[in-house]
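The next block holds one structure in the form of structure tokens; read it before the comments.
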Amino acid sequence: MAQAALQAFGRVDVLFNNAGISGVGALHELELEQWDKVMRVNIAGVFLPSKYLLPSMMARKSGCIINMSSCIAEIGLARRASYAASKGAVLALTKSMQVDYAPYGIRVNALLPGTIFTPFVENYLKTSYDDPEKAIEAIKSRQLSGELGRPEDVANAALFLASDEAGFMMGSPLYIDGGVTFGKNA
């Protein structure tokens, strides 16, 4: 993938590592295979594209990497041990990457969204709850905004991080969570 992008475009200025699946279960309930799958997708999905595109960014002494973490990395969530751990690892990896690659003019930041109303979330609610509307209201009640996020909210934050306006942001977590991280959190 990295080589195909470099061959097609000559360079990659912005890498947005947006890999993620959600594992469900408290730690003692998880099978090793479930744990490994979440770690493989959520952490390796950041590691591998970065590993293979960083050398070209380093050679140019320029680049921006945005890693998708989650506010759950900061606050936890019941029965999401593997997801929280993996997104916490993404946040820690972001900070370590920034230290390593700042001398090459590469900025590395992380997005930490809350619940964003995507088709994935909509399907999850429909298949996991007897009353999906009641589940949506419960999720909304955790947020200071009283609403779920929209994909556009995350896209706009990513565009900001990729822009020159975010040029002084390095190793930073950017929360797009409707206030759940620092709000009600109940």
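If you count by UniProt numbering, then the sequence shown holds residues 1 to 186, one letter each, in order. Glycine included, every Cβ here is placed at the ideal spot set by N, Cα and C. In this text the structure is predicted, and so the values were computed from the model without any measurement.
Determine the DSSP secondary structure at residue i, reduced to helix, strand or coil.
i	result
Val154	helix
Ile139	helix
Asn18	coil
Arg79	coil
residue 197	The chain is shown only over 1 to 186; residue 197 falls outside these bounds and no answer can be derived.
Tyr175	strand
Met68	strand
Asp13	coil
Met169	coil
Val180	coil
Does the Cβ of residue i have 16 or more other Cβ atoms within 10 Å, making it buried, or fewer, making it exposed?
i	result
Tyr83	buried
Thr127	exposed
Ser163	exposed
Ala81	buried
Leu27	exposed
Asp153	buried
Hey, would you say residue i sits closer than 8 Å to residue j, going by beta carbons?
i	j	result
Ala158	Leu91	no
Gly114	Gln143	yes
Ile66	Leu161	yes
Lys140	Tyr104	no
Ala89	Leu53	no
Ile106	Met169	no
Just how far apart, CA to CA, sit residue i and residue j?
i	j	result
Gly167	Glu133	41 Å
Pro49	Val99	18 Å
Arg45	Leu15	According to the sequence shown, residue 45 is Gly rather than Arg. Going from the Cα of Gly45 to the Cα of Leu15 covers about 12 Å.
Ser86	Met68	11 Å
Asp13	Ala59	12 Å
Ala138	Phe47	34 Å
Asn17	Thr94	11 Å
Asn123	Ala19	18 Å
Ile116	Leu125	12 Å
Phe182	Ile176	11 Å
inquiry  = Can you confirm whether the segment 130-148 touches the segment 74-83 when touching is taken to mean that 3 or more C-beta pairs between the two stretches lie within less than 8 Å?
reply    = By the Cβ criterion, the segment 74-83 is not in contact with the segment 130-148, since fewer than three pairs of Cβ atoms, one from each stretch, lie closer than 8 Å.
message = Is it the case that the segment 14-24 contacts the segment 34-41, given that we only count it when at least three CB pairs across the two stretches are under 8 Å?
response = The segment 34-41 is in contact with the segment 14-24.
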